[in-house]
Amino acid sequence: MVGLRSYSFSRLCVSILLILVPRSSSEPVLPVHNLQASLTASVAHGTTVAIKVQDAVVIINRSPKPNSKFPALQPKTSALPFTKHGLKLLPFKSKPQWGMLAPNLFCTMTGFSADISHLMMVLSRTNEKHNVDFHQPLPLHKSVLSLSSILKDATKQQGARPFGVEALIIGLDRDNEWQLYSCNPSGLYQHFPRGRSIIGKNKEKIWKEISKKDDIVDIDPIGGLKLCLSAILASLESTAQSQYDDDIFEGLLLWKADSGCCVSRIHPELLKEIIFSCQ
């Protein structure tokens, strides 16, 4: 019995030492495989900018111009426009890179299209399962932690690469306030209490442009659209990419409703007018 106690005490001491003794800087805490390639892919093409405006959130997505051999077709819609928060809107249509995952949760991603489709499906099923089990949506922060855990686990798998995506998660918290989070391929997530977030290409340059307007506290939806678009256009010009006429700009508005958050498309004509005024 004495020997068993001594052995248990020794194992306890070793466990404490392993926790307290710091690791050397050359020894990684967790193995990470092929992360740089995934980080590069996540910001290689598209750009998404989101800004909290009054009681809503404005989102602008820029996609690179389509391949000339396979031009992207812009489907015509017969839906009637309507007005909300002073913006001309159209009904929302989900796409592989964005969608409502729960009544309180919207997500959009940039990066590898196959990875985006897979992760959006996993997140949607996770939220559906929680809703079935507990009869309420998964809290916003737990959705962010769920995505972070999936991305982080992928960095530790031998023979596999991390997901090449960057995600922007927007939703309503328990106090019915808008919260914005981003998550990169390493699983690292960030909260943006000021209500401004950017993912994708040229995000550092876009941050620099938007930071010039930090003094604006209560910005209206039109002002938010102008700020997003002018920052994106300035970042394209500063990288010698002034030929953005063929790039696809799409806008969304997230707004509050009794059932949670709703999303609508911003009318393309309104976006064209603002882009023209920003030039």
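Residue 164 in the numbering used here sits at position 161 of the sequence shown; the count goes up by one each step and never skips. Quick reminder that beta carbons are idealized off the backbone N, C-alpha and C, glycines included. Keep in mind the model is a prediction, meaning the values are calculated, not measured.
Within the same chain, and ignoring the five residues on either side of M112 in sequence, the residues whose Cβ sits closer than 6 Å to its Cβ are Q100, I119, V168, A170. In terms of Cα proximity to E131, the closest of M103, L154, A157, L148 is M103.
In this structure, the alpha-carbon of P196 lies about 15 Å from that of V147. Non-local beta-carbon contacts of G203 in its own chain, meaning distances under 6 Å to residues more than five positions away in sequence, involve V46, G49, T50, T51, T113 in chain order. Short of 8 Å from the beta carbon of E276, and not among the five residues preceding or following it, lies no beta carbon of its own chain.
For F166, the closest C-alpha among the options P271, D156, D261 is that of D156.
Nearest to F252 by alpha-carbon distance, out of T43, L42, K68, is K68.
Taking the Cβ atoms as the reference, F95 lies roughly 14 Å from I173, outside the contact range of under 8 Å. Rounded to the nearest angstrom, the gap between the Cα atoms of D176 and L255 is 20 Å. In the DSSP assignment, N64 falls within the unbroken beta strand (DSSP E) covering 59-66.
Close CB contacts of Q282 within its chain, under the 8 Å cut and outside five residues either way in sequence, are with L236 (chain order).
Rounded to whole angstroms, the separation of the alpha carbons of S238 and C231 is 11 Å.
In the DSSP assignment, S267 forms a beta bridge with P94, L256. If you ignore the 5 residues before and after F279, its C-beta comes within less than 8 Å of no other C-beta in its own chain.
Judged by their CB atoms, I269 and L90 are nearer to each other than the 7 Å cut-off.
Residue state for A82 is assigned as coil, using DSSP reduced to three classes. For G114, the beta-bridge partners assigned by DSSP are V168. The alpha-carbon of D249 is positioned some 14 Å away from that of E240. Relative to the Cα of G263, the nearest Cα in the group F85, Q160, P142, F115 belongs to P142.
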